[in-house]
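Trainee: Quick note on our numbering: the sequence shown kicks off at 1 and runs consecutively.
C-beta atoms are modelled at their ideal positions from N, C-alpha and C, and glycine is treated no differently.
Being a predicted model, the structure only gives us computed values, none of them experimental.
Below is one structure. I have some questions about it.
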Amino acid sequence: MKDVLLRGLSRPADLRVILVEATDLSRMARMLHDLAPTSASIFAEALTAGLLLGALQKDQTRINLSLEVDGPLSGLLVDADTSGNIRGRVRQPALHFPGDPAVGPRAALGGAGTLSVLRDLGNGEFYRGSVEFVPGTLTENLRRYFASSEQVATALDIGVVAAGTEPLGAVAGIVVQKMPEGSLRALEEVRARIAGGAFREALASGATDEALAGSVVGGGLEVLTRGPVSYVCNCSRERAVNAVSALGPAGIRDVLAKEKQVVIDCEFCKKRYVIEEAELRDMARRLEGGLPAC
Ligand SMILES: [Zn+2]
Numbered sequence: 001m002k003d004v005l006l007r008g009l010s011r012p013a014d015l016r017v018i019l020v021e022a023t024d025l026s027r028m029a030r031m032l033h034d035l036a037p038t039s040a041s042i043f044a045e046a047l048t049a050g051l052l053l054g055a056l057q058k059d060q061t062r063i064n065l066s067l068e069v070d071g072p073l074s075g076l077l078v079d080a081d082t083s084g085n086i087r088g089r090v091r092q093p094a095l096h097f098p099g100d101p102a103v104g105p106r107a108a109l110g111g112a113g114t115l116s117v118l119r120d121l122g123n124g125e126f127y128r129g130s131v132e133f134v135p136g137t138l139t140e141n142l143r144r145y146f147a148s149s150e151q152v153a154t155a156l157d158i159g160v161v162a163a164g165t166e167p168l169g170a171v172a173g174i175v176v177q178k179m180p181e182g183s184l185r186a187l188e189e190v191r192a193r194i195a196g197g198a199f200r201e202a203l204a205s206g207a208t209d210e211a212l213a214g215s216v217v218g219g220g221l222e223v224l225t226r227g228p229v230s231y232v233c234n235c236s237r238e239r240a241v242n243a244v245s246a247l248g249p250a251g252i253r254d255v256l257a258k259e260k261q262v263v264i265d266c267e268f269c270k271k272r273y274v275i276e277e278a279e280l281r282d283m284a285r286r287l288e289g290g291l292p293a294c
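Quick look at the structure:
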């Protein structure tokens, strides 16, 4: 199975379909963040959710999905764009609840908190929608978010299916939305198939992307586009230098009085940027002279 973002339509009922397969990128994120199985499973669910939310956005914008919870996981954040790029961070990477993989994530998330979605509307405008987190999975809480914050009738499922000892055997998610002329009854049927476990069963059986979407939509799926999805961080040395230059010349000299270098670790991709003493002195001098830091 290869990671993919599929967009389609269910013609007879006028339903919009977005499917994301995210197994490979979830495993890569697990390695990058050194996640134990339960943390990895929740993070995989969140990355898939982020990609689905990103795919629902217009134009070239971004969305952030964040969780603040009272369980041992504490919180997480994912940051997605509209074209299948995602990155994220999870506050407690070491959680492992052995036993039923359907129970561990609930225990890790706890029973109270907030799920928020920050949507970049373009032109520097943002919209934040949030719902109270109640006991359950991230996906169950995300359904409540769609019901309370979004204008469009939506069905959603995200599956993280273990395969033997591999907790991330297969990871995928689907969003089905009623178009303006669409059939609400057909959407209710989609919800019923999801509630009956159709999506997760198809995922566990190794279904193709089209068959996965078909498992909840029924017949008549027309695939419009397929594109890649990946775990990508847009950090750079230049951004790290800009962050340090925001301290201003006095701030940089303060740092130099105590340290010989500044080390910035990217919390999304774990890349390390080191800015050495000579460069810091040069930055402070340039900023004092009213020049850019680099
Ligand atoms: Zn990074």
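Taking only the alpha-carbon atoms, compute the straight-line gap between Gly214 and Leu19 and give it to the nearest angstrom.
Mentor: In the sequence shown, counting from the first residue as 1, residue 214 sits at position 214. In the sequence shown, counting from the first residue as 1, residue 19 sits at position 19. Straight-line Cα distance between these residues: approximately 10 Å.
Trainee: Under 7 Å: does the beta carbon of Lys271 sit that close to some heavy atom of ligand 1?
Mentor: The residue you call residue 271 lines up with position 271 of the sequence shown. Lys271: yes, Cβ under 7 Å from ligand 1.
Trainee: Would you kindly work out how many angstroms separate the C-alpha atoms of Asp265 and Leu32, rounded to a whole number?
Mentor: Within the sequence shown, the letter at position 265 stands for residue 265. Within the sequence shown, the letter at position 32 stands for residue 32. The alpha-carbon atoms of Asp265 and Leu32 are separated by roughly 13 Å.
Trainee: Taking 8 Å as the threshold (C-beta atoms), are Ala163 and Ala170 in contact?
Mentor: If you number the sequence shown from 1, residue 170 lands on position 170. If you number the sequence shown from 1, residue 163 lands on position 163. Yes, the pair counts as a contact, with Cβ atoms nearer than the cut-off.
Trainee: Should Asn64 go down as buried or exposed, given a rule of 16 or more other Cβ atoms within 10 Å for buried?
Mentor: Locating residue 64 in the sequence shown gives position 64, counting from the first residue. Burial call: buried.
Trainee: By the three-class DSSP mapping on this structure, what secondary structure does Arg62 have?
Mentor: Within the sequence shown, numbered from 1, the residue matching residue 62 stands at position 62. Of the three classes helix, strand and coil, the one that applies to Arg62 here is strand, per DSSP.
Trainee: Rounding to the nearest angstrom, what Cα-Cα distance links Gly124 and Glu288 in this structure?
Mentor: Here the question's residue 124 lines up with position 124 in the sequence shown. Here the question's residue 288 lines up with position 288 in the sequence shown. So the alpha carbons of these two residues sit roughly 30 Å apart.
Trainee: Closest to Ser205 by C-alpha separation, out of Ala246, Val161 and Gly113, would be which residue?
Mentor: Taking the sequence shown and counting its residues from 1, the one referred to as residue 205 is at position 205. Of Ala246, Val161 and Gly113, the residue nearest in Cα terms is Val161.
Trainee: Below 7 Å, is the gap between the Cβ of Phe43 and the nearest heavy atom of ligand 1?
Mentor: To locate residue 43, count along the sequence shown from 1; it is residue 43. No - ligand 1 has no heavy atom lying nearer than 7 Å to the Cβ of Phe43.
Trainee: Within 7 Å: the Cβ of Phe146 and any heavy atom of ligand 1?
Mentor: Residue mapping note: residue 146 aligns to position 146 of the sequence shown, counting from 1. Phe146: no, Cβ never under 7 Å from ligand 1.
Trainee: Less than 7 Å separating the Cβ of Phe268 from some heavy atom of ligand 3?
Mentor: Annotation note on ligand 3: not contained in the displayed structure, which lists ligand 1 as its ligands.
Trainee: Can you check which of these residues, Val78, Leu203, Leu115 and Glu276, is closest to Glu267 by C-alpha distance?
Mentor: Reading the sequence shown from its first residue, position 267 is the one you call residue 267. Of Val78, Leu203, Leu115 and Glu276, the residue nearest in Cα terms is Val78.
Trainee: Is the distance from the Cβ of Asp209 to the Cβ of Leu6 below 8 Å?
Mentor: Your numbering for residue 209 matches position 209 in the sequence shown. Your numbering for residue 6 matches position 6 in the sequence shown. Contact: yes.
Trainee: Among Arg16, Gly8, Val4 and Asp3, which residue has its Cα nearest to the Cα of Ser183?
Mentor: As a first step, residue 183 is located in the sequence shown; it is residue number 183 there, counting from the start. Of the listed residues, the one whose Cα sits closest to Ser183 is Arg16.
Trainee: Which whole runs of the beta strand (DSSP E) in the region 242-287 are 3 residues long or more, in chain order?
Mentor: If we require 3 residues or more, the beta strand (DSSP E) runs fully inside the region 242-287 come out as 261-265 and 272-276.
Trainee: If we count the other Cβ atoms within 10 Å of its Cβ and call it buried at 16 or more, is Thr48 buried or exposed?
Mentor: The residue labelled residue 48 in the question sits at position 48 within the sequence shown. Burial call: buried.
Trainee: Take the Cβ of Ala192 as the centre, count every other Cβ of all protein chains shown within 10 Å, and call the residue buried at 16 or more, exposed below.
Mentor: Translated into the one-based positions of the sequence shown, residue 192 becomes position 192. Classification for Ala192: exposed.
Trainee: If the criterion is Cβ atoms closer than 8 Å, does the pair Leu35 and Val69 meet it?
Mentor: As a first step, residue 35 must be located in the sequence shown, where it is residue number 35. As a first step, residue 69 must be located in the sequence shown, where it is residue number 69. Not a contact, by the Cβ cut-off of 8 Å.
Trainee: Residues in the same chain with beta-carbon distance under 8 Å from Pro93, minus the five sequence neighbours each way, listed in chain order, please.
Mentor: Stepping through the sequence shown from its first residue, residue 93 is reached at position 93. Answer for Pro93: His33, Asp34, Leu35, Ala36 and Ser39, listed in chain order.
Trainee: Please name the residue in Pro72, Ala80 and Ser74 whose C-alpha comes closest to that of Lys58.
Mentor: Here residue 58 corresponds to residue number 58 of the sequence shown, with the count starting at 1. That would be Ala80, whose Cα lies nearest to the Cα of Lys58.
Trainee: Would you say Thr154 and Val175 are within 8 Å of each other, going by their C-beta atoms?
Mentor: By one-based count along the sequence shown, residue 154 stands at place 154. By one-based count along the sequence shown, residue 175 stands at place 175. The answer is yes: Cβ separation under 8 Å.
Trainee: Counting along the chain, where does the beta strand (DSSP E) carrying Leu51 start and finish?
Mentor: Working through the sequence shown from its first residue, we reach residue 51 at position 51. Leu51 -> not in any beta strand (DSSP E); alpha helix (DSSP H) instead, spanning Pro37 to Leu56.
Trainee: Compute the distance between the beta-carbons of Ile42 and Pro105, then report whether it is under 8 Å.
Mentor: Locating residue 42 in the sequence shown gives position 42, counting from the first residue. Locating residue 105 in the sequence shown gives position 105, counting from the first residue. In this structure, Pro105 lies closer than 8 Å to Ile42 by Cβ.
Trainee: Ordered along the chain, which non-local residues of its own chain (more than five positions away) have a Cβ less than 8 Å from that of Lys271?
Mentor: Taking the sequence shown and counting its residues from 1, one reaches residue 271 at position 271. Cβ within range, chain order: Cys233, Cys235 and Asp265.
Trainee: Given this structure, state the Cα-to-Cα distance separating Pro249 from Arg237, to the nearest angstrom.
Mentor: Translated into positions along the sequence shown, residue 249 becomes position 249. Translated into positions along the sequence shown, residue 237 becomes position 237. Cα-Cα distance, rounded: 19 Å.
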